[in-house]
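Going down the list, the sequences are from chains A and B.
Okay, so the first sequence: first residue is 1 according to full-length UniProt numbering, each after it adds one.
Okay, so the second sequence: first residue is 1 according to full-length UniProt numbering, each after it adds one.
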Amino acid sequence: MSRQRKIALVGNPNAGKSALFNALTGARQKIANYPGVTVERKSGRFVLPTGEPVEMTDLPGAYGLDFTSPDEEVTAKVIAGMFPGEAAPDVLVVVLDASNLEQHLVFAQELLALGKPTVVALNMVDLAERDGLVLDAAVLAEELGVPVIPTVAVRRRGLAELGEAIASAGERHAGPALTDLGATERRVAAHAMASAAVLSESKSHRLHASLDKVLLNPWAGPLVLLAVLFVVFQAVFAWAAPFQDGIETGVGALHDAVQGALPESLLRDLLTEGVISGVGSVIVFLPQIIILFAFILAMEASGYMARAAFLMDRMMASVGLSGRSFIPLLSSFACAIPGIMATRSITDPKDRLTTILIAPLMTCSARLPVYAVIIAAFIPNTNVWAGIGLQGLVLLALYIAGVVGAMGVALLLRRTVAKGGASGFIMEMPKYQMPRLKDMAIGLWQRAWIFLRRAGTVIFTVTVVLWIMLSFPKAGPGENQVDASIAGKVANGLAVIVAPIGFDRDMALALIPAMAAREVAVSSLATTYAVAAGDDEEEQAAELGDQIKARWTLPMALAFLAWFVFAPQCMSTIAVVRRETNGWKWASFMLLYLFGLAYLAAGATYWIAVAAGL
Amino acid sequence: MTLDMLPIGRSARIVAVDWSALVQEEARRLRALGLEEGARIAVSHRGILGGRDPIAITVGRMTVAVRRAHAAAMEVEEL
Numbered sequence: 001m002s003r004q005r006k007i008a009l010v011g012n013p014n015a016g017k018s019a020l021f022n023a024l025t026g027a028r029q030k031i032a033n034y035p036g037v038t039v040e041r042k043s044g045r046f047v048l049p050t051g052e053p054v055e056m057t058d059l060p061g062a063y064g065l066d067f068t069s070p071d072e073e074v075t076a077k078v079i080a081g082m083f084p085g086e087a088a089p090d091v092l093v094v095v096l097d098a099s100n101l102e103q104h105l106v107f108a109q110e111l112l113a114l115g116k117p118t119v120v121a122l123n124m125v126d127l128a129e130r131d132g133l134v135l136d137a138a139v140l141a142e143e144l145g146v147p148v149i150p151t152v153a154v155r156r157r158g159l160a161e162l163g164e165a166i167a168s169a170g171e172r173h174a175g176p177a178l179t180d181l182g183a184t185e186r187r188v189a190a191h192a193m194a195s196a197a198v199l200s201e202s203k204s205h206r207l208h209a210s211l212d213k214v215l216l217n218p219w220a221g222p223l224v225l226l227a228v229l230f231v232v233f234q235a236v237f238a239w240a241a242p243f244q245d246g247i248e249t250g251v252g253a254l255h256d257a258v259q260g261a262l263p264e265s266l267l268r269d270l271l272t273e274g275v276i277s278g279v280g281s282v283i284v285f286l287p288q289i290i291i292l293f294a295f296i297l298a299m300e301a302s303g304y305m306a307r308a309a310f311l312m313d314r315m316m317a318s319v320g321l322s323g324r325s326f327i328p329l330l331s332s333f334a335c336a337i338p339g340i341m342a343t344r345s346i347t348d349p350k351d352r353l354t355t356i357l358i359a360p361l362m363t364c365s366a367r368l369p370v371y372a373v374i375i376a377a378f379i380p381n382t383n384v385w386a387g388i389g390l391q392g393l394v395l396l397a398l399y400i401a402g403v404v405g406a407m408g409v410a411l412l413l414r415r416t417v418a419k420g421g422a423s424g425f426i427m428e429m430p431k432y433q434m435p436r437l438k439d440m441a442i443g444l445w446q447r448a449w450i451f452l453r454r455a456g457t458v459i460f461t462v463t464v465v466l467w468i469m470l471s472f473p474k475a476g477p478g479e480n481q482v483d484a485s486i487a488g489k490v491a492n493g494l495a496v497i498v499a500p501i502g503f504d505r506d507m508a509l510a511l512i513p514a515m516a517a518r519e520v521a522v523s524s525l526a527t528t529y530a531v532a533a534g535d536d537e538e539e540q541a542a543e544l545g546d547q548i549k550a551r552w553t554l555p556m557a558l559a560f561l562a563w564f565v566f567a568p569q570c571m572s573t574i575a576v577v578r579r580e581t582n583g584w585k586w587a588s589f590m591l592l593y594l595f596g597l598a599y600l601a602a603g604a605t606y607w608i609a610v611a612a613g614l
Numbered sequence: 001m002t003l004d005m006l007p008i009g010r011s012a013r014i015v016a017v018d019w020s021a022l023v024q025e026e027a028r029r030l031r032a033l034g035l036e037e038g039a040r041i042a043v044s045h046r047g048i049l050g051g052r053d054p055i056a057i058t059v060g061r062m063t064v065a066v067r068r069a070h071a072a073a074m075e076v077e078e079l
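Written out as structure tokens, the structure is:
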């Protein structure tokens with residue numbers, strides 16, 4: 001043989017072509033670009049069972065030879081031998097997804113009509129079988145007139161047989177039964193062939209349909225979704241509490257241990273007050289994040305998340321978003337950081353940007369400690385109706401204020417900076433299945449690790465910087481350290497700005513360290529009011545509550561709550577936005593618009609409350 | 001009749017698609033999911049609120065959710 005023969009893998013996107021390519025060529029791959037286009041060219045060496053080495057290429061996924069994208073153009077031209085500098089493949093390996101046979105057979109017929117030596121890989125047969133679909137490759141081979149090899153690329157099943165078939169793939173002639181067909185006839189033929197190849201089809205398909213009947217029912221569906229969300233929120237806030245207490249105790253113990261072990265020095269203060277307290281105050285949210293993600297992963301793996309997106313799509317569409325934004329926004333109720341990272345699954349860039357920009361308006365768990373202290377201090381614990389307390393209602397109102405704010409902002413953004421064609425919602429509804437524990441465990445670990453790594457880097461840095469701002473320059477005798485510090489000076493300047501919205505200097509000061517994490521506002525106020533920090537959290541909170549009550553008026557407290565609904569008091573979120581949007585542009589935009597919104601909301605709350613004589 | 005008018009549970013075949021009425025990227029995704037000329041489909045579910053949007057369409061062994069605007073671009077013929 002004068003030159004190495006070329007084998008090309010070709011098929012629809014998502015047929016599992018790349019997995020098959022990886023399984024066949026292993027590490028012996030070369031990845032480059034096709035000259036002149038930004039389309040990846042993947043090729044590798046494969047040795048046929050006859051001992052003949054061949055060059056295998058993984059052509060970009062395509063729906064047909066009648067190309068509409070650069071990817072499809074490369075595929076069509078390479079197969080036709082019309083791509084400059086690229087020899088036409090000698091053998092085509094057409095890769096089909098066994099579960100989506102009817103669709104993938106349309107392109108397969110078009111490829112077979114070319115009359116080239118061809119082998120068909122019936123890929124992912126294991127998934128189809130798990131789905132209750134058993135196919136007869138022999139029937140398909142007879143219909144198509146070429147060898148059909150069942151494969152499972154990820155488990156290396158059928159690879160040897162595929163190699164043999166490639167080695168013996170001979171010249172063939174495509175008859176008029178293949179070449180004379182148009183798109184519609186191919187679709188009809190695909191349907192007939194796919195049906196003929198089915199050996200057995202179990203009831204799992206029907207189970208899936210009857211589940212949908214309930215879960216997508218116009219009346220029952222939303223009720224089920226509401227119930228699911230209620231359970232999720234209940235779990236996030238109730239189940240996580242003991243773990244959070246445990247972490248707090250652990251952080252406290254570590255703090256004390258370091259305090260005792262080191263001599264009094266700047267380094268000790270940095271470690272205890274800066275690093276341990278600061279990073280610890282964020283790690284406390286790990287249990288909530290893990291519980292929330294356990295639910296989200298289970299909803300995704302079971303196939304329910306796509307149904308939730310379907311049910312929420314209409315509501316999201318009313319503000320210019322789609323059902324796909326629902327998942328990231330749901331995550332943001334625990335913490336905006338994983339929520340913003342989850343926006344990667346949104347295909348439309350304008351949709352994604354809008355979702356990122358409104359994610360911090362979902363009331364994250366870091367706001368809870370702030371809300372809890374202020375509400376406990378100022379809102380009487382009276383029973384409004386049937387066990388529903390006024391305090392709970394105020395808390396609910398704060399959550400709703402965030403959601404309503406987010407919807408309004410989304411509407412505005414979609415008409416201004418994130419303007420674009422109405423975003424669509426096209427989503428495959430996966431079949432229901434039991435989530436696999438191992439996959440869930442891996443997913444949870446990955447999420448927890450991302451969060452912990454952030455706590456160890458960005459949050460760590462911010463905490464240290466804030467500690468330095470609060471600790472330097474050192475106070476002279478008789479002077480308060482906070483007043484003397486850089487942060488104290490900044491607070492004096494800030495107090496002038498926030499005076500019109502009813503904040504005093506102490507409140508302004510609390511806002512500075514709260515940039516690291518919102519809940520730090522509580523401990524910061526506590527420090528400022530020189531509350532004797534007891535070990536008992538509740539007692540400490542109660543004492544702080546009394547202090548606040550003695551110093552603040554009700555309009556001031558309400559304004560402070562309104563501020564925290566909107567203000568971007570979280571440097572970590574800003575850092576994540578910068579990374580996810582590739583630059584400071586949108587991160588600064590978010591910072592500005594959220595501060596603006598917080599200022600207006602707090603101001604309006606303050607003056608309305610004052611006017612109402614509260 | 002266009003696909004958005006097809007009653008729930010009725011089977012039909014897509015006979016023509018006005019691809020120019022769709023954003024190119026979305027047209028590609030629809031084709032990727034098998035929603036193109038010749039496809040046998042059925043409407044299995046519709047949304048709850050105004051316009052009963054989106055629409056869940058069964059195509060082969062798959063269920064695909066699309067917006068009404070997409071369905072309106074598809075001419076169907078009942079089977």
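Even glycine gets a Cβ: it sits at the ideal position worked out from N, Cα and C.
On a predicted model such as this, the values are computed, not experimentally measured, just so you know.
Would a check of beta-carbon distances place residue i closer than 8 angstroms to chain B?
i: residue 425 (chain A); result: yes
i: residue 311 (chain A); result: yes
i: residue 214 (chain A); result: no
i: residue 399 (chain A); result: no
i: residue 255 (chain A); result: no
i: residue 187 (chain A); result: yes
i: residue 124 (chain A); result: no
Is there a Cβ from chain A that is less than 8 angstroms from the Cβ of residue i?
i: residue 62 (chain B); result: yes
i: residue 23 (chain B); result: yes
i: residue 34 (chain B); result: yes
i: residue 54 (chain B); result: yes
i: residue 44 (chain B); result: yes
i: residue 10 (chain B); result: no
i: residue 30 (chain B); result: yes
May I ask you to report which of helix, strand or coil DSSP gives residue i?
i: residue 46 (chain A); result: strand
i: residue 13 (chain B); result: strand
i: residue 185 (chain A); result: helix
i: residue 44 (chain B); result: strand
i: residue 398 (chain A); result: helix
i: residue 122 (chain A); result: strand
i: residue 614 (chain A); result: coil
i: residue 362 (chain A); result: coil
i: residue 29 (chain A); result: strand
i: residue 67 (chain B); result: coil
i: residue 200 (chain A); result: strand
i: residue 176 (chain A); result: helix
i: residue 584 (chain A); result: helix
i: residue 607 (chain A); result: helix
i: residue 338 (chain A); result: helix
i: residue 385 (chain A); result: strand
Using a Cβ-Cβ cut-off of 8 angstroms (strictly less than) and excluding sequence neighbours within five positions of residue i, which residues of its own chain qualify?
i: residue 556 (chain A); result: 502, 503, 504, 507 and 606
i: residue 26 (chain B); result: 70
i: residue 68 (chain B); result: 4, 51, 52, 53, 54 and 55
i: residue 409 (chain A); result: 357, 358, 361, 593 and 597
If you compare alpha carbons, which of the options is closest to residue i?
i: residue 565 (chain A); options: A:217, A:211 and A:596; result: A:596
i: residue 429 (chain A); options: B:24, B:1, B:18 and B:59; result: B:59
i: residue 325 (chain A); options: A:311, A:235, A:346 and A:336; result: A:346
i: residue 361 (chain A); options: A:191, A:328, A:380 and A:449; result: A:328
i: residue 382 (chain A); options: A:101, A:394 and A:449; result: A:394
i: residue 229 (chain A); options: A:468, A:311 and A:259; result: A:311
i: residue 63 (chain A); options: B:42, B:29 and B:74; result: B:29
i: residue 8 (chain B); options: B:41, B:32 and B:23; result: B:41
i: residue 217 (chain A); options: B:63, B:47 and B:79; result: B:47
Leaving out five residues on either side along the sequence, give the residues of the same chain with a beta carbon under 6 angstroms from the beta carbon of residue i.
i: residue 77 (chain A); result: 83
i: residue 19 (chain A); result: 153 and 154
i: residue 45 (chain B); result: 56
Give me, in chain order, the residues of the same chain whose beta-carbon lies closer than 7 angstroms to that of residue i; leave out the 5 immediate sequence neighbours on both sides.
i: residue 199 (chain A); result: 134, 135 and 136
Write down the C-beta distance between residue i and residue j rounded to the nearest angstrom, noting that I regard them as a contact closer than 8 angstroms.
i: residue 6 (chain A); j: residue 52 (chain A); result: Residue 6 (chain A) to residue 52 (chain A), Cβ: 12 angstroms. No contact.
i: residue 172 (chain A); j: residue 117 (chain A); result: 6 angstroms
Taking residue i as the query, report the chain D residues whose CB atoms sit under 8 angstroms from its CB, ordered along the chain.
i: residue 41 (chain B); result: Here the protein chains are A and B, and chain D is not one of them.
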